[in-house]
Amino acid sequence: MSKKILIVDDSATVRQQVGMALSGAGFAVLEAVDGVDGATQLTSDGSIGLVICDVNMPRMNGLEMLEKVRGEGVSVPVLMLTTEGDPVLVARAKSAGAKGWIVKPFNPVALVAAAKKLCA
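For the sequence shown, position 106 (counting from the first letter as 1) is numbered 574 according to this note's numbering, and the numbering increases by one without interruption.
Next up, the structure:
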């Protein structure tokens, strides 16, 4: 499996944990530290097959990033991975095109399964 996944999270620890789970499953992993960095990578790298994104980040949060890249025609699947469980935020993310929502702390096996499903 060589799908490229972009992990967008301001926590280096979370990026490392998610990256280890995904790379162990055969995915290539890229990282972004916030929504600005994530949006830049998404709009410039057409080989990204999935984005795993936090909601609460500095400069540009995950929902703003999702809305921005969708407005620019980027249709890559996005899986939100966050401590947030607010139904209003979940609904906003889904209306902006998020394909899933996983609440932290996450189960690595479930995360890899979701990534495989969304990259299929």
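Even for Gly, the Cβ is constructed at its ideal location relative to N, Cα and C.
- In the three-state scheme derived from DSSP, where H, G and I count as helix and E and B as strand, Ala496 is classed as strand.
- When beta bridges are read from the DSSP output, Leu549 appears opposite Ile570.
- The stretch 504–513 and the stretch 530–546 touch, with no fewer than 3 CB-CB distances between them shorter than 8 Å.
- Residue range Ile516 to Cys521 is occupied by the beta strand (DSSP E) that includes Gly517, with no alpha helix (DSSP H) assigned at that position.
- Taking 8 Å as the cut-off, the Cβ atoms of Val476 and Gly517 do not count as close.
- In terms of Cβ geometry, Lys567 and Val580 do not form a close pair [threshold 8 Å].
- Around the CB of Gly492, fewer than 16 other CB atoms lie within 10 Å, so the residue is classed as exposed.
- For Val537, the uninterrupted alpha helix (DSSP H) run begins and ends at Gly530 to Gly539, by DSSP.
- For the set Gly487, Lys472 and Glu552, the Cα lying nearest the Cα of Lys572 is the one of Glu552.
- Membership of Lys562 in the alpha helix (DSSP H) is indicated by the continuous run Pro555 to Ala564.
- The Cβ neighbour count for Val544, taken over all protein chains shown within 10 Å, is at least 16; the residue is labelled buried.
- The C-alpha of Val523 is placed about 9 Å away from the C-alpha of Leu557.
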